[in-house]
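Listed in order, the protein sequences are those of chains Y and V. My numbering numbers the first residue of the first sequence as 1 and each following residue consecutively. My numbering numbers the first residue of the second sequence as 1 and each following residue consecutively. Only one structure is covered here, and it is reproduced in the block below.
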Amino acid sequence: MPTKIRIMPTLLYKEVGLVKGVGFDAWRRVGSAMQAIRVYNMREVDELILLDITATRDKRPPDFELVDELADECFMPLTIGGGVRTIEDVRHLLQVGADKIALNTAAIEEPNLITQIANHFGSQCVVVSIDVRCHAQQKYEVFTHAGTIATGRDPASWAQEVQDRGAGEILLTSIERDGTMSGYNNDLTAKVSTTVSIPVIASGGAGNYQHMASVLREGGASAVAAASIFHFTQQTPLEAKRYLHEHGFMVRL
Amino acid sequence: MNIVAIIDYDMGNLDSVSRAVEECGGSPLIITHPHQLSQANRIILPGVGSFKDAISNLHLRGFVEALAIQVFEHKIPFLGICLGMQLLATTGWEGGETPGLGWIDGEVQRLIPTTEDRRIPHIGWNEVHIERESHLFKEIRSGCDFYFVHSYHFCPYNSDDIVGRTPYASGFASVVQRNHIYGVQFHPEKSQRIGFQVLRNFLTL
């Protein structure tokens, strides 16, 4: 029996507060991380992703104290990303309560880090986050540094490489769809999910529950990440799961 | 109040277990040295990572004999979580054949994907079907969802040691028990209300 579909609210952290943007730009403040975690905790969401979107740009390590405080209130699986560069960063984050670590820029620059973390802490705690832009003729390219630096890499072949190096999961984000609430990029998700055998979390573009159903069905995603839909609309993770359940998906209710 | 020793052997994620124990009314004590074990009347062995590294770290820190004394001579209730459950086995195969603690006979093998369940690691919420009565699952109905994240699973030789099973990749033992030694493959500390009930049951043994 397959694992249940997971719905994962994503919290983007920048300097002092939570933000949400469109196309990796135009950031709006959306409140305090602690408050959001308490609410999601009460609502028993499946998992949370918390990404520090300026750590890499500012050449900062992750804010371990902040993660420590947030993780203390978070009794659900928590993925932390942003600014993770060394195995010591990973050790420290796991110690303060992270369950999984998302690597993005560091995975491209130092792919061996994926293997080191997987060998020491296990594949299950390595999530490789892949940010993708779509060029003309559905040609995709992986970007790093919060979507600002092109790598020349194809997402499916990069996904295959990170799986071979020991990644346990892929967080796949469409940069164009991010924050638009116009639907996930199902084509991109399908290209990656059919290439790898590890779970793929689709991200970028959720605007309603139908978008989630379609990326799960057509994109072969194992989980959906979403931010704007929960920040800016009345839609909730629980209602999303009820909708998916009615449409034949296995969810935890 | 129950003092719960949480073994720190450099295998990650102690803080969540410690916070969850606190929320469930226990008094967590993260310990790095075996001599601190005598202060506790419950022991939790958490852990994520590879079987081989984990056993080697437990040996290096002198925990293997010290834990056996507490568990077998002083009958202190013991709970292994995720890798901590797998370490109860006789043998593990992750990172090469490695002897485990050997407290519950069995082996730890890699999950084998099936056509329906082709994604490994097994990550996410899945059901635990209760096969026999256990205090650990008091007031928890069969079929509840818990949070899993693992690529290997414990195969006990003796089916009497299995309390619950999970239907993924042809099914595996997700809860084991022999006397006052318990193991769960899922993460109770991350399974919210239902996970806390498991921890509370462990505290009220």
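C-beta: ideal position from N, C-alpha, C; glycine also. In this text the structure is predicted, and so the values were computed from the model without any measurement.
Check whether residue i and residue j have beta carbons under 9 Å apart
{"i": "Val299 (chain Y)", "j": "Glu169 (chain Y)", "result": "The first residue shown for chain Y is 1 and the last is 253, placing residue 299 (chain Y) beyond what the model contains."}
{"i": "Val198 (chain V)", "j": "Val48 (chain V)", "result": "no"}
{"i": "Gly81 (chain Y)", "j": "Ile101 (chain Y)", "result": "yes"}
{"i": "Gly95 (chain V)", "j": "Glu107 (chain V)", "result": "no"}
{"i": "Ile201 (chain Y)", "j": "Ala167 (chain Y)", "result": "no"}
{"i": "Phe196 (chain V)", "j": "Cys82 (chain V)", "result": "no"}
{"i": "Glu189 (chain V)", "j": "Val163 (chain V)", "result": "no"}
{"i": "Thr189 (chain Y)", "j": "Gly147 (chain Y)", "result": "no"}
{"i": "Asn119 (chain Y)", "j": "Ser50 (chain V)", "result": "yes"}
{"i": "Cys125 (chain Y)", "j": "Leu94 (chain Y)", "result": "yes"}
{"i": "Ile114 (chain Y)", "j": "Pro155 (chain Y)", "result": "no"}
{"i": "Leu79 (chain V)", "j": "Leu58 (chain V)", "result": "no"}
{"i": "Thr114 (chain V)", "j": "Ser191 (chain V)", "result": "no"}
{"i": "Asp72 (chain Y)", "j": "Asp15 (chain V)", "result": "yes"}
{"i": "Asn41 (chain V)", "j": "Pro77 (chain V)", "result": "yes"}
{"i": "Gly152 (chain Y)", "j": "Glu176 (chain Y)", "result": "no"}
{"i": "Gly31 (chain Y)", "j": "Val67 (chain Y)", "result": "no"}
{"i": "Ile123 (chain V)", "j": "Ser222 (chain Y)", "result": "yes"}
{"i": "Gly179 (chain Y)", "j": "Ala36 (chain Y)", "result": "no"}
{"i": "His231 (chain Y)", "j": "Lys20 (chain Y)", "result": "yes"}
{"i": "Pro237 (chain Y)", "j": "Arg38 (chain Y)", "result": "no"}
{"i": "Ala206 (chain Y)", "j": "Met181 (chain Y)", "result": "yes"}
Collapsed DSSP secondary structure at residue i in the structure displayed
{"i": "Tyr40 (chain Y)", "result": "helix"}
{"i": "Pro28 (chain V)", "result": "strand"}
{"i": "Asp52 (chain Y)", "result": "strand"}
{"i": "Gly195 (chain V)", "result": "helix"}
{"i": "Val128 (chain V)", "result": "strand"}
{"i": "Tyr238 (chain V)", "result": "Outside the shown range of chain V (1 to 205) lies residue 238 (chain V), about which nothing can therefore be said."}
{"i": "Gly248 (chain Y)", "result": "coil"}
{"i": "Leu253 (chain Y)", "result": "coil"}
{"i": "Asp15 (chain V)", "result": "helix"}
{"i": "Thr2 (chain Y)", "result": "In the sequence as presented, Thr is not what sits at residue 2 (chain Y); that position holds Pro. Reduced to three states, the DSSP call for Pro2 (chain Y) is coil."}
{"i": "Tyr243 (chain Y)", "result": "helix"}
{"i": "Ala226 (chain Y)", "result": "strand"}
{"i": "Asn76 (chain V)", "result": "A small correction: the amino acid at residue 76 (chain V) is Ile; Asn does not occupy that position in the sequence shown. DSSP places Ile76 (chain V) in coil when its eight states are reduced to three."}
{"i": "Val22 (chain Y)", "result": "strand"}
{"i": "Ile87 (chain Y)", "result": "helix"}
{"i": "Ile55 (chain V)", "result": "helix"}
{"i": "Pro188 (chain V)", "result": "helix"}
{"i": "Asp46 (chain Y)", "result": "coil"}
{"i": "Ile198 (chain Y)", "result": "coil"}
8 Å Cβ cut-off: residues of chain V touching residue i
{"i": "Asp72 (chain Y)", "result": "Asp15 and Arg19"}
{"i": "Thr3 (chain Y)", "result": "Asp117, Arg119, His122, Ile123, Gly124, Trp125, Asn126, Phe148 and Tyr168"}
{"i": "Ser222 (chain Y)", "result": "Arg119, Ile123 and Gly124"}
{"i": "Gly97 (chain Y)", "result": "Asn13, Asp15, Ser16 and Arg19"}
{"i": "Gly81 (chain Y)", "result": "Within chain V, no residue comes near Gly81 (chain Y); the closest Cβ sits about 16 Å away, beyond 8 Å."}
{"i": "Glu169 (chain Y)", "result": "Pro121 and Ile123"}
8 Å CB neighbourhood of residue i in its chain, flanking five on each side removed
{"i": "Pro167 (chain V)", "result": "Asn126, Glu127 and His129"}
{"i": "Cys144 (chain V)", "result": "Glu127, Val128 and Ile194"}
{"i": "Gln36 (chain V)", "result": "Ala5 and Leu29"}
{"i": "Gln109 (chain V)", "result": "Trp93, Tyr152, His153 and Cys155"}
{"i": "Leu75 (chain Y)", "result": "Going by the sequence as given, residue 75 (chain Y) is Phe instead of Leu. Correct list, in chain order: Asn41."}
Residues near residue i in its chain [Cβ-Cβ closer than 6 Å; skip 5 each side]
{"i": "Thr79 (chain Y)", "result": "Ile49, Lys100, Ala102 and Val127"}
{"i": "Arg252 (chain Y)", "result": "Lys4"}
{"i": "Val90 (chain Y)", "result": "Ile101 and Ile117"}
{"i": "Met11 (chain V)", "result": "Gly47, Gly49 and Ala54"}
{"i": "His211 (chain Y)", "result": "Gly183 and Tyr184"}
{"i": "Glu69 (chain Y)", "result": "none"}
{"i": "Gln235 (chain Y)", "result": "Ile229"}
Chain-ordered neighbours of residue i on chain Y, where CB pairs are closer than 9 Å
{"i": "Asp161 (chain V)", "result": "Near Asp161 (chain V) there are no residues of chain Y at all, since even the closest Cβ is about 23 Å away, more than 9 Å."}
{"i": "Glu189 (chain V)", "result": "Phe75"}
Within chain V, the residues that residue i reaches when beta carbons sit closer than 7 Å
{"i": "Leu94 (chain Y)", "result": "Gly12 and Asn13"}
{"i": "Arg252 (chain Y)", "result": "Trp125 and Asp145"}
Any non-hydrogen atom of the ligand ADP within 8 Å of residue i CB
{"i": "Phe63 (chain V)", "result": "Of ligands this structure carries none, so the ligand ADP is not represented either."}
Same chain only: Cβ atoms within 7 Å of residue i, ignoring 5 sequence neighbours per side
{"i": "Lys75 (chain V)", "result": "His180"}
{"i": "Pro156 (chain V)", "result": "Ile104, Asp105, Gly106, Ile162, Ala173 and Val176"}
{"i": "Ala150 (chain Y)", "result": "Glu141 and Phe143"}
{"i": "Asp187 (chain Y)", "result": "Gln138"}
{"i": "Ser193 (chain Y)", "result": "Val200, Gly219, Gly220 and Ala221"}
{"i": "His135 (chain Y)", "result": "Glu141"}
Proximal residues of chain Y, C-beta to C-beta of residue i below 7 Å
{"i": "Gln192 (chain V)", "result": "Glu44, Phe75 and Met76"}
{"i": "Val48 (chain V)", "result": "Phe121, Gly122, Gln124 and Cys125"}
{"i": "Ser151 (chain V)", "result": "Ser123 and Gln124"}
{"i": "Gly131 (chain V)", "result": "It is Glu, not Gly, that sits at residue 131 (chain V) in the sequence shown. Within chain Y, no residue comes near Glu131 (chain V); the closest Cβ sits about 16 Å away, beyond 7 Å."}
{"i": "Asp53 (chain V)", "result": "His120"}
Neighbour list for residue i in chain V, Cβ cutoff strictly below 9 Å
{"i": "Phe230 (chain Y)", "result": "None at all; the shortest Cβ gap to chain V is about 18 Å."}
{"i": "Ser197 (chain Y)", "result": "Pro113, Arg118, Arg119 and Ile120"}
{"i": "Arg6 (chain Y)", "result": "Ile123, Gly124 and Trp125"}
Start-end ranges of the alpha helix (DSSP H) lying completely within the region 136-191 of chain Y, minimum 4 residues: Qualifying alpha helix (DSSP H) stretches, in chain order: 155-164.
Contained beta strand (DSSP E) runs [length at least 3] in the region 94-158 of chain V, N- to C-terminal order: 106-110, 122-130, 144-150 and 152-156
Length at least 3, wholly inside the region 97-121 of chain Y: the beta strand (DSSP E) runs in chain order: Whole beta strand (DSSP E) segments, 3+ residues: 100-103.
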